[in-house]
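Protein chains: 8
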Amino acid sequence: MSFTYQRLNKDDVALLMVDHQAGLLSLARDFSPDDFKNNVLALADIAKFFDIPTILTTSFEDGPNGPMVPELKEAFPNAPYIARPGQINAWDNQDFVDAIKATGKKQLLIAGVVTEVCVAFPVLSALEEGYEVFVVTDASGTFNQTTRDAAWDRMSQAGAQLMTWFAVGGELHRDWRNDIEGFGGLLASHLPAYSNLMQSYAQQASS
Amino acid sequence: MSFTYQRLNKDDVALLMVDHQAGLLSLARDFSPDDFKNNVLALADIAKFFDIPTILTTSFEDGPNGPMVPELKEAFPNAPYIARPGQINAWDNQDFVDAIKATGKKQLLIAGVVTEVCVAFPVLSALEEGYEVFVVTDASGTFNQTTRDAAWDRMSQAGAQLMTWFAVGGELHRDWRNDIEGFGGLLASHLPAYSNLMQSYAQQASS
Amino acid sequence: MSFTYQRLNKDDVALLMVDHQAGLLSLARDFSPDDFKNNVLALADIAKFFDIPTILTTSFEDGPNGPMVPELKEAFPNAPYIARPGQINAWDNQDFVDAIKATGKKQLLIAGVVTEVCVAFPVLSALEEGYEVFVVTDASGTFNQTTRDAAWDRMSQAGAQLMTWFAVGGELHRDWRNDIEGFGGLLASHLPAYSNLMQSYAQQASS
Amino acid sequence: MSFTYQRLNKDDVALLMVDHQAGLLSLARDFSPDDFKNNVLALADIAKFFDIPTILTTSFEDGPNGPMVPELKEAFPNAPYIARPGQINAWDNQDFVDAIKATGKKQLLIAGVVTEVCVAFPVLSALEEGYEVFVVTDASGTFNQTTRDAAWDRMSQAGAQLMTWFAVGGELHRDWRNDIEGFGGLLASHLPAYSNLMQSYAQQASS
Amino acid sequence: MSFTYQRLNKDDVALLMVDHQAGLLSLARDFSPDDFKNNVLALADIAKFFDIPTILTTSFEDGPNGPMVPELKEAFPNAPYIARPGQINAWDNQDFVDAIKATGKKQLLIAGVVTEVCVAFPVLSALEEGYEVFVVTDASGTFNQTTRDAAWDRMSQAGAQLMTWFAVGGELHRDWRNDIEGFGGLLASHLPAYSNLMQSYAQQASS
Amino acid sequence: MSFTYQRLNKDDVALLMVDHQAGLLSLARDFSPDDFKNNVLALADIAKFFDIPTILTTSFEDGPNGPMVPELKEAFPNAPYIARPGQINAWDNQDFVDAIKATGKKQLLIAGVVTEVCVAFPVLSALEEGYEVFVVTDASGTFNQTTRDAAWDRMSQAGAQLMTWFAVGGELHRDWRNDIEGFGGLLASHLPAYSNLMQSYAQQASS
Amino acid sequence: MSFTYQRLNKDDVALLMVDHQAGLLSLARDFSPDDFKNNVLALADIAKFFDIPTILTTSFEDGPNGPMVPELKEAFPNAPYIARPGQINAWDNQDFVDAIKATGKKQLLIAGVVTEVCVAFPVLSALEEGYEVFVVTDASGTFNQTTRDAAWDRMSQAGAQLMTWFAVGGELHRDWRNDIEGFGGLLASHLPAYSNLMQSYAQQASS
Amino acid sequence: MSFTYQRLNKDDVALLMVDHQAGLLSLARDFSPDDFKNNVLALADIAKFFDIPTILTTSFEDGPNGPMVPELKEAFPNAPYIARPGQINAWDNQDFVDAIKATGKKQLLIAGVVTEVCVAFPVLSALEEGYEVFVVTDASGTFNQTTRDAAWDRMSQAGAQLMTWFAVGGELHRDWRNDIEGFGGLLASHLPAYSNLMQSYAQQASS
């Protein structure tokens, strides 16, 4: 059986951010709040760094689900922003699908809250449509680890690839010679442990 | 390889509740008792909300296994109730299989105690018969996490889809515009964290 | 060194419920939401069962902290309800302290959200005033286990006794002959595992 | 501050086994069932090995709490057996206290189910009476780890010493020269890892 | 894609117990020693109960690996016993393979220590030979959970089915009417939690 | 025994930040890097908010231990900064002790890396000198949880109080009426879960 | 479906050690530092023992990522050593691929830091090229367990086999008769628990 | 209440290594084998570095308990070595106590296997004799975490101080100016994470 490496390519990929809303975030407890916030913002920074077309969507943001995280709105001021009137699976919303098709991309990065619904449903729909689908697992949160395990299994068995924001960044960047300062700064700002390495190095270099 | 999204459809699905009996429940220790009880009753409420044909079955309920959880009996007063005379795999009981066939559905939600026996065996039998099978993982309990991991793997590799009651509810509901009050109330009554969101919202809305 | 058993006595005790508010509850992640809700309501039922004078207090309930959990309000319709205008340590609020003194009790059960602030501060103040203080640990929640560990240590070293709602109920009840039906029903309604025992027993008894 | 080592002495100690009943054991989930059963029986074997006066007590054994574990009854056929008519704290039962006093011992080993009630209450009462109290923590079980932590803290702060059955055995035995075969056999039968050592040694010795 | 349920059938199955030796057992730390011993002996009892042909094998039992667990030797006094002179993968030993073939069975239950070597290697060899292979995961032990996870994944992806001794027993028994006393006794002797259920039931039945 | 509540008072307290250096931080693994960074910076923000005299110290910052975290240096540009020439216990450095005495405060908040050395040693020295000592446990990191547990126990038994940055903030602030905007903003910037509450509230308030 | 056992063969295999650099190692927190160091060196010793062609590669070793672990450099003084000028996926570096091809092997063992990037990317590339790929999971480290789980899933679903160094050693050695002293010594030096067995055996043998 | 800092002083301290024997070590499972071996050897290196008088003792080393770890014997060739003929509490052996008294020290570091027996018993005896006692917790191992927690509590409540080898080293060294190379080398050889820091620093320094 031959295997084809579906490899993220910055020219082929779009990012879907699904239901990262203030209320819903209080349901996500499989990460510490600090870790999760950092992961979501790191993914957003990666999308901006590589100019990845990004689509935002929310569910009932005027009700208890609450507004989209303001940092995301600010990060993508010109992104298509689909406030869904009721569809739980964002893929059931034609505007959302149209926005994706308008990007012309064949690879989709998907993250959201909660994982087994807001992420898994569009993941499965996109796979059925023939897209290469990459779940950004650590920018997707849910009630607890058991729920996460079940959701990951369903998506993985369907053919989605499970990644994390750091792996996404590395696969897109390909070669540090494309940009050391920019990409290094991005990593340092979201990885305190890497930032520490850089500070130790910088101090010694300057002494 | 093309992928087909086997998507839960409220018109195509039946629910099988297997051996949620008072004695057997004392064996299930991969969830806290409160969490597990809540998950089982939430699944029952979903079945009622969507009018899903439901089949109850028990094993030796006059012996140490004990009676079916009374809330389930009350929830489905008219459901087929098969007290199996000895078959461990409920699918070996012709009445049980006949009851399933009588529903005319092709999708099966299965939950039970204990996961690797009372759930896994009928799951594998149903897959062999060509059904689309969805394991409601968090309404299924067993001795410990190691046993659960093995059981999930066996079912997943055979083609069953691992879900949780919340994902089941979301995939069946499809669109909030079908019913906001009812489905929201169902969620709130089984998700304290979501209920809190609704209370905060309601208070502010009324102020 | 002689030891005196400070033993809960239903005639000597008052209960303080501090800041169980819808918003603040979303911060409490050292318990699953189902477990925590069950613990809080079990404690309320115990207070009602033993006619324990109960005092409710909240912090900024018109803002993001949200309203007190409605079940608590309903459980204690006539209890003193002190909506504090700003004091973080409820003991700094004279109305709160007056309400406690008005009960004439020398033993205090304290539970709240979050443990290291809303519980620990009045616990330490009450100890300083000479009260016997019992922390209801599982009806008190906070951000994570590390924070809880630190808070428990501070209170325990100061002389507070760490209990759980079930231990509180048992120590207050003293003897099942005082009331089997009532207290047994209370336990069954909050302990699914105990409820299962009772159902198995009841079925067999009736057969 | 001088410290006195309260050291278990086989001539000074009595054992209290509180409420190890079939039904109640289903509530104890801070140990795996195999581990817990082994711990309880190991403690019983230690008491028999050192001829420790042992007192058994149960609570409502004709109801859902169920009968005492049969192995315990068989291990101590002549031990005082107090089926309490209702007292939750066994120390409130005069027969129980009389049986303890009749032993003439000043050190008490206490184990039971559930830890924060059936163990902690008599532990605190015994401390108040001036006994040296040793909790056999791993032969005492309860709902979950959080409850256990609170119960251990309350007892430890009151002056009880937290031990495990293996430590109890070692402190009582004092010197292997008192009996190698017997005590070694006891350990091997309850410690599979120690039994493995002995088998490897024995095979090599015989080769 | 059609799925065939490879279902354990007592007439089609043989059991391979690989390297459960006293020394090697000290390496297995992904289970508590009590739990692991219980699991291994439960599997042995199942094989005896169903008259499953069983093959024992060891590696270097005269050296530090130590002798086979004596209970296993005693359980299967007439079983083929292959003390391998050096082959790490038991399947590389012709006597072992011949013994398997001599059983004429097409289904193999395999358990051993350590999981990723003594179990995984013959599992993969047997799959290549066309056998239906069932790993008894909880009667197989290894260094830690990470090692176990990797070993399970390798075997599962190759087509082995991950089970536990309880699931094996249930799938072989098929129907309680075949033997209630015998199989129930087997379960009770290895499942303290089930034994408790039976004791409560028996007491009440006799009252 | 009467108890005196040693309560943090913003006029009586100084903060000691010990060895939060880029290299040493890579040793601290009892928190996720994001959580730990957030905790340290939250503590710094609290000190600035309440104008708490703060003293920074480092150990061998020109070597592998690396420079102090730059955010801390920037937060306290005018704070005494003692680069210790070799003393492991900062209290052995006269400049450090002099700086503390110069503040005239009797309460000390201490945080650092690693907990059992850089925090515990000056904590014990300060207690001996008669200070009231508060360990900021979540702004102090070390190799693993076992090491942390031992260190906490040593400090707690000596009389130090274990707190977290959130509890420190609450105990210092005393009353929200002193400053709602400022203190609320501080919390929101370090507690994503609290920030979510505020965003939901704000959106609704503005709608 | 027939299954072919891709079995490690010492004549067919090469080892790739990717980015085990001093700085990057501080990012790997899914193992304790002692365990991880031991795993990496054990893998190196296995490669030397079986004369496995080994290829070392690093990323930016003059910057904060730091130098390759010195023990690895010393272990393979003549191995191809590719300091990549920027490629994140080592397979994008032609020298690296050429070095692999020069070995003429068809099986690749791959380990590195961090798992989801430095390991997963070349693993997927190698699979696409038709190699049989074996991930040495415990000699590969990353930020946390969640990231590891996602990375393992991606590689496993693509067809890579997940192993550990001990399994690699056993599968390569095949038969203890090839070399007892050497391979036993290798295991003992990296498995303290196995070393203990050997010491007990040796002492008894010599007595 | 005034507090006196009992501070380790290299001129006042002796080290007791109790029962670190090959067989007994297989019982210690609250640490990974690599971590535990490293901790024990690190403590030995500290004793040698500071010329701490060290006393070794074993229990039945000719039987299944096995010989003392050879590295310890080699580390202290001239240390008193007391092979106890049967006493479980080493303090009951007069030779052992005499050896301690002969050192003339008042501070005792104690480590051993298993914690609740071989460590706790002499710890309590030494406290009774008036020694200042420091338990080296991470060079002491036992069956599981629950047993450890109970043992730590008993010793801590009696007045022993819980430390780890790293804290012991730091408290003894006092000031890096006493010896940078030697002590730094000791740390690096037992702390891979610290060693990585030093390698990164050294490479940069040399470039």
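Protein chains in written order, with the numbering used here: chain A, 4 to 210; chain B, 4 to 210; chain C, 4 to 210; chain D, 4 to 210; chain E, 4 to 210; chain F, 4 to 210; chain G, 4 to 210; chain H, 4 to 210.
All C-beta atoms in this analysis are idealised placements derived from N, C-alpha and C, irrespective of residue type, glycine included.
Quick caveat: nothing in here was measured; it's all calculated off a predicted structure.
Have a look at the options and flag the residue whose alpha-carbon is nearest the alpha-carbon of residue i.
i, options, result
"E:Gln-90", "E:Ala-82, E:Cys-121, E:Ala-105 and E:Tyr-84", "E:Cys-121"
"H:Val-171", "H:Leu-112, H:Ile-103, H:Asp-33 and H:Arg-87", "H:Leu-112"
"E:Ala-86", "E:Met-20, E:Ala-154 and E:Gln-207", "E:Met-20"
"B:Ala-142", "B:Asp-22, B:Phe-79, B:Leu-189 and B:Asn-68", "B:Asp-22"
"H:Asn-147", "D:Glu-64, D:Glu-131, D:Gln-164 and D:Ala-196", "D:Ala-196"
"B:Asp-178", "B:Gln-207, B:Gln-206, B:Phe-137 and B:Phe-53", "B:Phe-53"
"G:Ala-17", "G:Ser-5, G:Gly-144, G:Leu-75 and G:Lys-51", "G:Lys-51"
"G:Leu-59", "G:Gly-66, G:Glu-77 and G:Asn-42", "G:Glu-77"
"G:Glu-131", "G:Gln-160, G:Phe-169 and G:Phe-6", "G:Gln-160"
What's the gap between the Cα of residue i and the Cα of residue j?
i, j, result
"A:Asn-199", "H:Asp-152", "34 angstroms"
"F:Asp-48", "G:Leu-11", "56 angstroms"
"G:Ile-55", "G:Ala-105", "13 angstroms"
"G:Leu-27", "G:Gly-162", "27 angstroms"
"D:Lys-109", "B:Ser-35", "39 angstroms"
"E:Ala-82", "D:Asp-37", "28 angstroms"
"H:Ala-129", "C:Val-126", "37 angstroms"
"D:Thr-145", "D:Met-158", "15 angstroms"
"B:Leu-165", "B:Asp-14", "20 angstroms"
"H:Asp-33", "D:Thr-149", "20 angstroms"
"C:Ala-208", "D:Thr-61", "20 angstroms"
Just to check my reading of the structure: residue i and residue j have Cβ atoms closer than 8 angstroms, yes? What is that Cβ distance to the nearest angstrom?
i, j, result
"G:Ala-191", "H:Ser-203", "With a Cβ gap of about 31 angstroms, G:Ala-191 and H:Ser-203 do not count as contacting."
"C:Phe-124", "C:Trp-94", "7 angstroms"
"D:Gln-9", "D:Glu-135", "5 angstroms"
"C:Glu-74", "C:Leu-46", "C:Glu-74 to C:Leu-46, Cβ: 11 angstroms. No contact."
"H:Glu-119", "D:Phe-169", "7 angstroms"
Which bits of chain B does residue i rub up against, with CB to CB less than 8 angstroms?
i, result
"C:Gly-69", "Asn-199, Gln-202, Ser-203 and Gln-206"
Chain F partners of residue i, CB-CB under 9 angstroms?
i, result
"C:Gln-90", "Arg-177, Asp-178, Trp-179 and Arg-180"
Given that residue i touches chain D, what residues does it touch there, using C-beta distances under 8 angstroms?
i, result
"E:Gly-26", "Asn-199 and Ser-203"
Along chain A, in chain order, which residues have C-beta atoms closer than 7 angstroms to that of residue i?
i, result
"B:Phe-6", "Leu-130, Glu-131, Ala-161 and Gly-162"
Can you pull the chain D residues whose beta carbon is under 9 angstroms from the beta carbon of residue i, in chain order?
i, result
"C:Ala-153", "Near C:Ala-153 there are no residues of chain D at all, since even the closest Cβ is about 13 angstroms away, more than 9 angstroms."
Chain G partners of residue i, CB-CB under 9 angstroms?
i, result
"E:Asp-95", "Arg-177 and Asp-178"
Could you list which residues in chain E have their beta carbon closer than 7 angstroms to that of residue i, in chain order?
i, result
"B:Leu-30", "Ala-196 and Tyr-197"
Residues of the region 46 to 65 of chain E in Cβ contact with chain G at a cutoff of 9 angstroms, in chain order, please. Going along the region 46 to 65 of chain E in chain order, one finds Ser-62 and Phe-63 with a Cβ nearer than 9 angstroms to chain G.
Against chain E, which members of the region 115 to 149 of chain H pass a CB distance test of less than 9 angstroms? Of all residues in the region 115 to 149 of chain H, Phe-146 and Asn-147 have a Cβ within less than 9 angstroms of some Cβ in chain E.
Determine which residues of the region 32 to 46 of chain H have a Cβ less than 9 angstroms from any Cβ of chain E, and write them out in chain order. If the cut-off is 9 angstroms between Cβ atoms, the region 32 to 46 of chain H has Arg-32, Ser-35 and Pro-36 near chain E.
Which of the residues in the region 186 to 199 of chain B, read from start to end, lie with their CB under 7 angstroms from any CB of chain A? Of all residues in the region 186 to 199 of chain B, only Ala-196 and Tyr-197 come within less than 7 angstroms of chain A when Cβ atoms are compared, listed by chain position.
Interfacial residues, the region 70 to 87 of chain C to chain B, with Cβ spacing under 8 angstroms: Taking 8 angstroms as the upper bound on Cβ-Cβ separation, chain B lies near residues Pro-70, Val-72 and Pro-73 of the region 70 to 87 of chain C.
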